[in-house]
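Chains as they are written, first to last, in this note's numbering: chain A, 1 to 333; chain B, 1001 to 1333; chain C, 2001 to 2208; chain D, 3001 to 3208.
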Amino acid sequence: MKKLLNDPAAYADETLAGLCCAHPEFYRLSPESPRVVVRPDSPVQGRVGIVTGGGSGHLPVFTGYVGRGLLNACAIGDVFASPSADEMAIAMRAANGGAGVLRLYGNYGGDIMNFEMAGEMVELEDITSSTVKVADDVASASTAERAKRRGVAGMVYAFKIAGAAAEKGFDLDKVTRVAQKAADNARSIGVALSPCIVPKAGKPTFTLQENEMEIGMGIHGEPGVRRSELKPANVVADEMLDAILSDGAVKGGDRVSVLVNSLGATPLEELYILFARVADRLDKLGAQIVMPLVGRYATSMEMTGASLTVLILDPELEELLRAPAECAFWKVG
Amino acid sequence: MKKLLNDPAAYADETLAGLCCAHPEFYRLSPESPRVVVRPDSPVQGRVGIVTGGGSGHLPVFTGYVGRGLLNACAIGDVFASPSADEMAIAMRAANGGAGVLRLYGNYGGDIMNFEMAGEMVELEDITSSTVKVADDVASASTAERAKRRGVAGMVYAFKIAGAAAEKGFDLDKVTRVAQKAADNARSIGVALSPCIVPKAGKPTFTLQENEMEIGMGIHGEPGVRRSELKPANVVADEMLDAILSDGAVKGGDRVSVLVNSLGATPLEELYILFARVADRLDKLGAQIVMPLVGRYATSMEMTGASLTVLILDPELEELLRAPAECAFWKVG
Amino acid sequence: MRVLEGRLTMITIVDVRDAISRIQHQVQQTADDLCARDGQLGDGDLGITLEKAFNRLAEIGPTLPEDLGKAFAAAAAAVSKVSSSSFGTLLATGLLAAAKRSIGKTELHSTAVPDLLRAACQKMSERGSASLGDKTVLDAIDAAARALDSHPKDSVSAVITAVDETLSLFRDRQCKIGRARIFSDRSIGLDDPGMVAFRVMVGALKSS
Amino acid sequence: MRVLEGRLTMITIVDVRDAISRIQHQVQQTADDLCARDGQLGDGDLGITLEKAFNRLAEIGPTLPEDLGKAFAAAAAAVSKVSSSSFGTLLATGLLAAAKRSIGKTELHSTAVPDLLRAACQKMSERGSASLGDKTVLDAIDAAARALDSHPKDSVSAVITAVDETLSLFRDRQCKIGRARIFSDRSIGLDDPGMVAFRVMVGALKSS
Ligand SMILES: Nc1ncnc2c1ncn2[C@@H]1O[C@H](COP(=O)(O)OP(=O)(O)O)[C@@H](O)[C@H]1O
Ligand SMILES: Nc1ncnc2c1ncn2[C@@H]1O[C@H](COP(=O)(O)OP(=O)(O)O)[C@@H](O)[C@H]1O
Ligand SMILES: [Mg+2]
Ligand SMILES: [Mg+2]
Ligand SMILES: [Mg+2]
Ligand SMILES: [Mg+2]
């Protein structure tokens, strides 16, 4: 766990500058802030704008998903820290094509406070907005307290579906409704094997013994549900899938999408080993996997571990999931 | 550095099974071997087939690049080990559409011996074939001994360009010629910060002290050119770029593609920090960057570190690089 | 400080500027300590957040308008620009609440201060979904407001005493909100860093 | 072993099958040692490679045709199927070279063995781009061929002596090829594992 960086304080800014320099067709830095990334063609007049925001250190989340059929703009904070309300307001303005703006982000205290503040700021400028908070991490609160859950990799599905809805010209209410449905239908859980280093802190976010893993650990190292010895991949896959299925049952005939996501260091090889098991289990339940995603979609820099997300589809969600979309990290259609 | 796996001996097989299960539109296991992955539409009658082969543990290399406008088939060995000649022959048969087969792979002793043996095997079946060995790692031998260099991330460019040439219907000679040109024009160098674990070995491939890095280390942990304390990202980028430029000068007006590649654990954030520096340096030289690639294109499982590849383009290579292509990990056009 | 010590008086923009510069000065002395306290339970940035906020406020101090509502609103905007951590956002939220109650006024009677604090506290509680009793800065602000109700004349000292008592009262309880919540067991025996930050701010208002 | 000991004789498929089963037996005893030796310089799989190759050869032994050319070719194909490590591929390459020289023959005179070894060695050298003197199995094979030239009657013992001498001769030199090349300094003082593997194979042919 060592890092290639210049100044820890410049980590987020240098990352964003490099990102926009490498992919100008997808990402443009706002002239008003080096922490706001905007789609070059945004705002699209008459279309609902989708904005998100959150800390650095999770690429492709958050800003990587700015793109056609995805997000319009994103405000980015320091590593694992919320962007400011001011930056969020800049992102909202850049996303506003007159049809309203959906704030679609993960359920974290700091992000919520700042996005609410940003909403109040732009309200004065006659920008209508709505909010969907993604709270998909089943490890972070019980079924009864769903709304308290953290937002993790499931937000990738919400971005995709909301983005497709906006691209189709749905109005703000409808975009908000499908985004909320995607968020509600997504359930995730992660397993961490080793930590990452927040550049400014310079030390690991947590410690695990050489033979330990933690099921349910959060993407910033928030405590999980169970620490145990490192188990075989199939057992880990089962534990994750069981936690998800016991929260929201998947039945024969259901169509689901599945995201097997690396937290960073865990290689594709191991994701496919996990995927094979999850696919086998879902197959035995009679569920049909649609457009599975396996890779690094929502990370915590160089953390070792993986997360599993199951999104239960209905025809509307499936159509939006399959709709064309394009950013530097994900192309659909 | 911990791994999510079941049986170390089954690592490669389970990975490939999961890969083909997740993406049946791109990858099909050969009925003759669980270590040969074939494009579902291969062989394409009358088109040159492109095959590669090499060890597991480098995803998306090798087998991930089977796809439209890319490779037809791939033989995969155990982690960091060559596939057998037999498996390579199976891949060659699966790629043979009657117009010949290009064997396009990295310059490693085991792979060479087996691919030559495979060539002799299928020769008896009237399959014409040619060979291009990618030897892009400038750290592994001097300019005078170029042919001895190891093949690393530069092979991704060779796959793309050869695949596009085959897709355009070029004959075997011409496909071989452009693949060789791509291989000759690609130069790479890596920097390793921490090792990975080969599942069957169960221990790290090498050791580096907490504050050490090694410039030029190979993707299996082969010794590099210089071990030093960990330097700032810009210095690392400069050292890598300088090694490449001193081997093959880039001049004002040149058009180049650049691949900033993670060896596995190093996150996208840090790749973009490196990219920003490389882009700045090339800009100062007056070179134009075309279709830069930043991400995990050729890895060593969970190794920490990055590599830089510079591909010098001419109009023919640029056209082939930009031609449409699609696999689970890379879509162009 | 003229305003809050030993007498009832009218507060103007001059007093606000004075308060800002006193707090800015004090925060510089204590930033490291606040970071260390926050580091035990959270991400260790609280001192930096306060420094950034008050440095910025000190910068714009001279340009703040006489209208206290506008001044508080400008202060809120400034704080929300330089900070996104919880405390900064809550501070901005509180300032905005105070701004709404003060718009059009160039003077405020010192007896109005408890009400402003309560309005701020109320809005901060909504924004952060925290309640009194959750062991956050809110409990310190509420205690300050109550102290001012009962001791309108010896206000700064009374507030300091009240905040110190609140710190003691909550020390052995669990943090129920924010980053510290996830370490709620570890938070027993430790002061809530946000309360300590508020203590630093009111402490700065006492004449030396 | 009948063929190579104390007398000139004709080699048939029976002798080949016998040699295979003797070597398979011996390889099982020494696989761990070979892996350990390979582990010091390379990837530590040499013992496994030999085990897999000879287990497979022993399996197909009874089905090998009388035509020695076809038998060697079938053996080459079998080895290349189960192994992809250098030694396995070189073994298959050598067997294929021997096959080409033996096609159509059901008997081989024992004096023809040195030529077969040289043909194999030549083809293996091409395939692996290694030369004699690079401290590889090639040097041991070459030494074996030369020993057979000069001692056609006491062949196995002569080969064993020659291979042992070759091991000593190269021990303090650097490996110049294969995985061991990258650790070429470390290879000084260590036997080349491939030579040791060849020593195990010929050792197995000596009657106990
Ligand atoms: N939701 C909340 N409601 C009220 N106060 C809070 C809340 N979250 C944090 N705080 C206060 O802010 C302090 C931490 O501030 P800060 O370090 O800025 O938070 P963070 O860095 O976790 O965003 C806490 O000690 C607490 O007093
Ligand atoms: N190119 C080569 N030419 C000749 N012999 C070789 C070559 N490469 C390896 N060998 C021999 O094979 C032995 C190692 O075999 P093996 O373990 O199968 O190699 P690896 O696992 O590195 O592919 C070496 O000790 C050497 O004797
Ligand atoms: Mg904090
Ligand atoms: Mg913070
Ligand atoms: Mg070996
Ligand atoms: Mg090997």
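Yeah, the Cβ is synthetic: ideal placement off N, Cα and C, and Gly gets one too. Owing to the predicted nature of the structure, the values given are computational and were not obtained by experimental measurement.
Heavy atom of ligand 2 within 7 Å of residue i beta-carbon
i: isoleucine 3177 (chain D); result: yes
i: phenylalanine 3087 (chain D); result: yes
i: aspartate 3033 (chain D); result: no
i: alanine 3130 (chain D); result: yes
i: leucine 3117 (chain D); result: no
i: proline 1223 (chain B); result: no
i: aspartate 1184 (chain B); result: no
i: leucine 3068 (chain D); result: no
i: threonine 3049 (chain D); result: yes
Status (buried if at least 16 other CB within 10 Å, exposed otherwise) for residue i
i: valine 235 (chain A); result: exposed
i: glutamine 45 (chain A); result: exposed
i: threonine 1266 (chain B); result: buried
i: histidine 23 (chain A); result: buried
i: histidine 2109 (chain C); result: exposed
i: valine 1122 (chain B); result: buried
i: lysine 1002 (chain B); result: buried
i: methionine 3010 (chain D); result: exposed
i: leucine 3132 (chain D); result: exposed
i: valine 2156 (chain C); result: buried
i: aspartate 3142 (chain D); result: buried
i: isoleucine 3103 (chain D); result: exposed
i: proline 315 (chain A); result: exposed
beta-carbon residue i near ligand 6 non-hydrogen atom, thresh 7 Å
i: threonine 3197 (chain D); result: Note on residue identity: the sequence assigns alanine, not threonine, to residue 3197 (chain D). It does not: the Cβ of alanine 3197 (chain D) is nowhere closer than 7 Å to a heavy atom of ligand 6.
i: alanine 1012 (chain B); result: no
i: alanine 233 (chain A); result: no
i: alanine 1081 (chain B); result: yes
Residue i: CB within 7 Å of a non-hydrogen atom of ligand 3
i: leucine 2046 (chain C); result: yes
Ligand 5 heavy atom lying under 7 Å from the CB of residue i
i: leucine 3043 (chain D); result: Note on residue identity: the sequence assigns aspartate, not leucine, to residue 3043 (chain D). Because some heavy atom of ligand 5 lies under 7 Å away, the Cβ of aspartate 3043 (chain D) counts as near it: yes.
i: aspartate 1238 (chain B); result: no
i: aspartate 3038 (chain D); result: yes
Distance cut-off 7 Å: residue i Cβ against heavy atoms of ligand 4
i: alanine 9 (chain A); result: no
Contact test: residue i Cβ vs ligand 1 heavy atom, cutoff 7 Å
i: glycine 2194 (chain C); result: yes
i: glycine 1216 (chain B); result: no
i: threonine 2136 (chain C); result: yes
i: threonine 205 (chain A); result: no
i: leucine 1071 (chain B); result: no
i: leucine 285 (chain A); result: no
i: methionine 2124 (chain C); result: yes
Heavy atom of ligand 8 within 7 Å of residue i beta-carbon
i: glycine 1110 (chain B); result: Absent from the structure shown: ligand 8. Ligands present: ligand 1, ligand 2, ligand 3, ligand 4, ligand 5 and ligand 6.
Which runs of the beta strand (DSSP E) fall wholly inside the region 1118-1179 of chain B and span at least 3 residues, in chain order? 1129-1134
Length-filtered (4 minimum) alpha helix (DSSP H) runs lying within the region 1052-1124 of chain B: 1085-1095 and 1109-1123
Within the chosen definition, does the region 136-144 of chain A reach the region 111-119 of chain A through at least 3 CB pairs nearer than 8 Å? no
Secondary structure, beta strand (DSSP E): runs of 3+ residues fully inside the region 3079-3142 of chain D: none
Tell me, please, whether the region 41-55 of chain A touches the region 83-103 of chain A by the rule of three or more beta-carbon pairs shorter than 8 Å. yes
Between the region 3059-3070 of chain D and the region 3027-3036 of chain D, do three or more beta carbon pairs fall short of 8 Å? no
Flag this pair as touching only if the region 1152-1165 of chain B and the region 1308-1325 of chain B have three or more C-beta atom pairs under 8 Å; answer yes or no. yes
If you pair each beta-carbon of the region 1072-1082 of chain B with each one of the region 1124-1138 of chain B, do three or more pairs fall below 8 Å? no
Using a Cβ distance threshold of 8 Å, determine whether the region 3195-3203 of chain D contacts the region 3156-3171 of chain D, with at least three qualifying pairs required. yes
Kindly provide the ranges of any beta strand (DSSP E) runs that are 3 or more residues long and lie completely inside the region 2013-2041 of chain C, ordered along the chain. none
Would you call the region 258-274 of chain A and the region 26-38 of chain A touching, i.e. three or more CB-CB distances under 8 Å? no
Along the chain, which unbroken stretches of the alpha helix (DSSP H) at least 4 residues long are found entirely within the region 1229-1283 of chain B? 1233-1247
Quick test of the definition: if touching needs 3 or more C-beta pairs under 8 Å, does the region 277-290 of chain A touch the region 227-246 of chain A? yes
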